[in-house]
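J.: Counting from 674, one number per residue, gives the positions in the sequence shown under my numbering.
Where is the CB? At the ideal position from N, CA and C, for every residue including glycine.
Submitted below is the structure of interest, expressed as structure tokens.
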Amino acid sequence: MPTYILGIESSCDDTSASVMCDGKVLSNLIANQEIHKSFGGVVPELASRAHQQNIIPVVNQAIINANIDKNQLNAIAYTRGPGLLGSLLVGSSFSKSLSIGLNIPLIEVNHMQAHLLAHFIEDCGDEKPVFPFVGITISGGHTQIVLVKDYFDMEIIGETLDDAIGETFDKCGKTLGLPYPAGPHIDRHSKNGDPEKFKFTKPKVGGLNYSFSGLKTGFMRYIQKEKNIEDNFISKELENLCASLQLTIVEILYEKVILAIKQTGINRVVFGGGVSCNSGIIEKFKQNENIENYKSYFPKFEYTTDNAAMIAMVGYLKYKNNDFSSIEKSAQARFKF
Ligand code: KG4
Ligand code: ZN
């Protein structure tokens, strides 16, 4: 008998629903919230309101696109955390109600675990990573180095002490006048720029931890200073600024990942999260595989940013383990694994 899992993701500003059959994605719908663009970042109250408007049509369409009837679903997997509480509450309340209505089990999912386990979606890549591996979660809210011994045996061995890597892209991009989220725009402009034109200070943080706030502040101050001297500094140098900023971020990320490989003795590095589609990061890690003797894994583009297929994937893995959740469990803005 095939197992059908409905995945629901609402941790930040994307409302997403996916139907999965035995690890294969039948549908994966994402409703982006355009409203935040005019504010230059996610406004939590507006995000939860938009989730409320989107959730029923998105789930309904995901079931239609999967070409199944909702009564065929075996379980509902939802993001319990981490994320914005108001956003999480919409997805979690809806999932609980639907599981009661359909009389099927509920499965709670940790969003950050899901970013890494997205690699096990059937069409995510040609080769599945073998355990143990070093997991790197890089998104708008997180920057973590995770020792992944098994699907649900994960330990954070390094993380950012302040800003997340995606947040750094977004906030520096905002200074350059780029729309939110600025990460993809910086990536695009970088392609035509000189990455060596500007030098930005890198942090000095011990162990496997990161820090990005110094780079962000230094970048913003530099831009302001140059703008005061020359009005059109940004438009003249946009591509070079993007390329130089991106290279600095990539180098900061790279250095600690290599340290993690050396410290753990594990040479498989598995990326997850919205920033893992960054072309500079992919290029750097692919180029150096033979030099540093590791193999890097990047998810297929549609499974990098927030999506419900990765939630359904974790749901399927937990379903096979009979690992179900109770409706009494509440959404968790901070949710450790
Ligand atoms: O995982 P995600 O969709 O949401 C969170 O859980 O935060 O990640 C969103 C982040 C944003 O900061 C966005 O700017 C960044 O991913 N991002 C990128 C790229 N595409 C998305 N950052 C750099 N380069 C990209 N190509
Ligand atoms: Zn995410």
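Taking the alpha helix (DSSP H) that I671 belongs to, which residues open and close that run?
T.: Since the displayed the chain opens at 674 and closes at 1010, residue 671 lies outside it and no answer follows.
J.: Any contact of the stretch 973 to 980 with the stretch 835 to 844, i.e. 3+ C-beta pairs under 8 Å?
T.: Here the stretch 973 to 980 does not lie against the stretch 835 to 844, with fewer than 3 beta-carbon pairs under 8 Å apart.
J.: Indicate whether I678 and M693 have their beta-carbon atoms separated by less than 9 Å.
T.: For I678 and M693, yes; Cβs fall inside 9 Å.
J.: Which whole-angstrom value is the C-beta distance of Y751 and V715, which I expect to be below 8 Å?
T.: Contact flag wrong, Cβ pair sits at about 20 Å.
J.: Is S999 a contact residue of ligand 2, with contact defined as CB to any heavy atom under 8 Å?
T.: no
J.: With burial defined as no fewer than 16 other Cβ atoms inside 10 Å of the residue's Cβ, what is the status of K900: buried or exposed?
T.: exposed
J.: Could you tell me if the beta carbon of D979 falls within a distance shorter than 8 Å of some heavy atom in ligand 2?
T.: yes
J.: Per DSSP, M827 is paired with what?
T.: Listed as beta-bridge partners of M827 by DSSP are V821.
J.: Are the stretch 853 to 871 and the stretch 905 to 918 touching, with three or more C-beta to C-beta distances below 8 Å?
T.: yes
J.: Of the residues F906, T810, E795, which one's Cα is nearest the Cα of G945?
T.: T810
J.: Measuring alpha carbon to alpha carbon, tell me which of D835, P857, N940, Q936 ends up nearest K889.
T.: D835
J.: So R941 is in the alpha helix (DSSP H); what residue range does that whole segment cover?
T.: Note, R941: premise wrong, no alpha helix (DSSP H); beta strand (DSSP E) at 941 to 945.
J.: Tell me whether the stretch 778 to 798 and the stretch 956 to 965 touch, counting them as touching only if at least three CB pairs, one residue from each stretch, are closer than 8 Å.
T.: no
J.: Applying the criterion that 16 or more other CB atoms from any shown protein chain within 10 Å of the CB defines a buried residue, is F804 buried or exposed?
T.: Label assigned to F804: exposed.
J.: Measure the C-alpha to C-alpha separation of S747 and K1009 and round it to an integer number of angstroms.
T.: Note that residue 747 corresponds to Asn in the displayed sequence, not to Ser. Going from the Cα of N747 to the Cα of K1009 covers about 27 Å.
J.: Count the other CB atoms within 10 Å of the CB of K993; is the residue buried (16 or more) or exposed (fewer)?
T.: exposed
J.: Would you report the Cα separation of A735 and Q745, rounded to the nearest angstrom?
T.: 13 Å
J.: Which value, in whole angstroms, describes the spacing of the CA atoms of V763 and A787?
T.: 19 Å
J.: Is DSSP giving E978 helix, strand or coil here?
T.: It should be noted that the sequence gives Thr, not Glu, for residue 978. In the structure shown, T978 sits in coil (DSSP, three-state: anything other than H, G, I, E or B).
J.: Can you find the residues in the same chain that come closer than 6 Å, C-beta to C-beta, to S999, ignoring five residues on each side of it along the sequence?
T.: none
J.: By the 10 Å Cβ neighbour count, where 16 or more other Cβ atoms means buried, how is K991 classified, buried or exposed?
T.: With 16 or more other Cβ atoms within 10 Å, it is buried.
J.: To which residues does DSSP link A690 through a beta bridge?
T.: I681, L702.
J.: If I'm right that I830 touches V819 with Cβ under 8 Å, what's the distance once you round it to whole angstroms?
T.: 7 Å
J.: Going by DSSP, what residue range makes up the alpha helix (DSSP H) through L926?
T.: 906 to 937
J.: Have a look at G891 and I737 and give me their C-alpha separation to the nearest angstrom.
T.: 49 Å
J.: Taking the CB atoms as reference points, tell me whether G947 and I922 lie closer together than 9 Å.
T.: no
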